[in-house]
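First up is the structure itself, then whatever we jot down about it.
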Amino acid sequence: RFSQSFREVAGRLLASEANTHLLVFGMEQRLPPDSELVQATLRLFQEPVPRAALPRPERQSPRSARAQVTVEWLRLRDDGSNRTSLVDSRLVSVHESGWKAFDVTEAVNFWQQLSRPRQPLLLQVSVQRERLGPGAPSAHKRVRFAGQGAPGGRGEPQLELHTLDLKDYGARDDCDPEAPATEGTRCCRREMYIDLQGMKWAEDWVLEPPGFLAYECVGTCQQPPESLTSQWPYLGPRQCVASEMASLPVIVSVQEGGRSRPRVVSLPNMRVQKCSCASDGALVPRSLEP
Amino acid sequence: LSEEQLRDSLLQQLHLSEPPVLDQAAAEEPAIPAHVRARYVALLQQSHGDHSRGK
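Residue numbers (this note's numbering), protein chains in the order written: chain C, -10 to 279; chain L, 112 to 166.
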């Protein structure tokens, strides 16, 4: 509305009508120390809808009766405000019932980044219309998930955490400089010196440093047993890779206006700080924003 | 980290396509001004504490 080049356009809220549930999971000590989260799955039990409760058009074309179920991670900030981050969303049929799984790995990754003492993991589940607009079906109102306190605990919301013990499946720190790396060496960080003075192209104009320790990741990683890998077919084998890198500042001499001037530039990702075992295809955790 | 990767990264940062060829007189000027060295040292210290996370 503050722009000169656009006419103000009035908006109309068509519908939100979200049916929202807040799930609270006490997480302290649920994740073992020195472990890596592979996957977190939220399981919700969708209760069956009696056929008699369905309007006639939905009984005739059951495929059209769907609802959008969205899972968000809710963070209560120190200033009292809330912030939500979308973690998973999918369409569910109103006519189905049974367990529905949602991938909430990212929410648990976010939760792990909170400073201690950490608040419980808060997951906001909302059930919305499949699409907005006039004539959109209101099937979403008939989607019900079982809550806590169901008789016999049947159908209660569940959070499944799959972790790997890094003592077995992780990398070591630095390699033993006395022992040469062989095929059986466990993933570690090995010293590798880059001699800038010895490089012909760098002669005369790369002034500092004369060389630097770049390090490299060598060795192999233990693979999870086949029974586990079949659960996550999208994950590749665990490989020894550089997981944290540091930049390298250099002083170079560049010619400007017929004179040479020393200049400092920072080269990103030049030195390996940490090696880790990681699977190709695994979620790269997003950093928690303020 | 190969020699080529290192050279390419440096040239990219300087927006150069080839390593510069300095004339002999320029190459023999060894003095690095104090403010340039101070910036270099500051970046060096910063890079020890500031790591980028990746795969």
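Backbone N, C-alpha and C define an ideal beta-carbon position, used for all residues, glycine too. None of the values given here were measured: they were computed from a predicted structure.
Would C/Leu153 and C/Asp23 be called neighbours here (beta carbons separated by less than 7 Å)? No, the Cβ-Cβ distance between C/Leu153 and C/Asp23 is not below 7 Å.
CB-CB length for C/Thr94 against C/Leu224, believed under 8 Å: Actually they are not in contact, since the Cβ atoms of C/Thr94 and C/Leu224 sit about 12 Å apart, beyond 8 Å.
Item checked: Sequence ranges, beta strand (DSSP E) only - wholly within the segment 200 to 235 of chain C, length at least 3 -> Taking only runs of at least 3 residues, the beta strand (DSSP E) segments lying wholly in the segment 200 to 235 of chain C are 200 to 202 and 205 to 207.
Exercise. Under 7 Å Cβ-Cβ, which residues of chain L neighbour C/Asp163?
Worked result: When 7 Å is used as the limit between beta carbons, C/Asp163 is near no residue of chain L, the shortest such separation being about 16 Å.
So does the segment 60 to 68 of chain C actually touch the segment 247 to 267 of chain C, counting three or more Cβ pairs closer than 8 Å? In short, these stretches do not touch, since the Cβ pair count stays below three.
Cβ contact check for the segment 260 to 268 of chain C and the segment 229 to 241 of chain C: 3 or more pairs under 8 Å:
Yes, they touch.
- C/Leu12: which of C/Ala41, C/Leu148 and C/Ser86 sits nearest, CA to CA? Answer by Cα proximity: C/Leu148.
Can we say the segment 27 to 35 of chain C touches the segment 88 to 105 of chain C, given the rule of at least three CB pairs closer than 8 Å? Output reads yes: the segment 88 to 105 of chain C touches the segment 27 to 35 of chain C.
* Can you find a CB in chain C that lies within less than 7 Å of the CB of L/Lys166? -> Any reading at L/Lys166 must be qualified, since the residue scores a pLDDT of 40, below 50, and its modelled position is unreliable; the value itself is stated next. With its beta carbon less than 7 Å from one in chain C, L/Lys166 belongs to the interface.
*Who are C/Ser265's beta bridge partners in DSSP?*
According to DSSP, C/Ser265 bridges with C/Val230.
For L/Val147, the three-state DSSP class (helix, strand or coil)
L/Val147 falls in the helix class under three-state DSSP.
Identified DSSP bridge partners for C/Phe306: Absent from the structure is residue 306 of chain C, since the part of chain C shown begins at -10 and ends at 279.
Establish whether the CB of C/Trp100 and some CB of chain L are separated by less than 7 Å. Answer no: the Cβ-Cβ gap between C/Trp100 and chain L never drops below 7 Å.
When C/Trp100, C/Val243, C/Val83 and C/Gln57 are compared against C/Arg275, the one with the closest alpha-carbon
Ranking C/Trp100, C/Val243, C/Val83 and C/Gln57 by CA distance to the CA of C/Arg275 puts C/Trp100 first.
What does C/Arg259 reach in chain L if we use C-beta pairs closer than 8 Å? Per the sequence shown, the amino acid found at residue 259 of chain C is Met instead of Arg. Chain L residues near C/Met259: Leu112, Leu117 and Ser120.
* Per DSSP, cross-strand counterpart(s) of C/Tyr182 -> Paired residues: C/Leu202.
Report task. Return yes when the Cβ of C/Asp163 is within less than 7 Å of the Cβ of C/Arg178, no when it is not. Result -> Taking C-beta atoms as the reference points, C/Arg178 and C/Asp163 count as a pair closer than 7 Å.
- Tell whether a beta-carbon distance below 7 Å holds between C/Gln313 and C/Pro226. Outside the shown range of chain C, which is -10 to 279, sits residue 313 of chain C, and nothing can be said about it.
* Nearest-angstrom beta carbon gap, C/Leu150 and C/Leu65 [assumed within contact, 8 Å] -> That pair is no contact at about 22 Å.
TODO: Measure how close the beta-carbons of C/Leu80 and C/Gln57 come, nearest whole angstrom, since I'm counting them as under 8 Å.
DONE: C/Leu80 to C/Gln57, Cβ: 6 Å. Contact.
Subject >> Under 8 Å (Cβ pairs) to chain L, residues found in the segment 202 to 228 of chain C >> reply: Answer set for the segment 202 to 228 of chain C: Ala203 and Glu205.
Proximal residues of chain L, C-beta to C-beta of C/Leu256 below 8 Å:
The answer, in chain order, is Leu117, Ser120, Leu121 and Gln124.
Could you name the residues of the same chain whose beta carbon sits closer than 6 Å to that of L/Arg150, not counting the 5 residues immediately before and after it, in chain order?
Spatial neighbours of L/Arg150 in its own chain (CB-CB distance under 6 Å, excluding positions within 5 residues in sequence) are not present.
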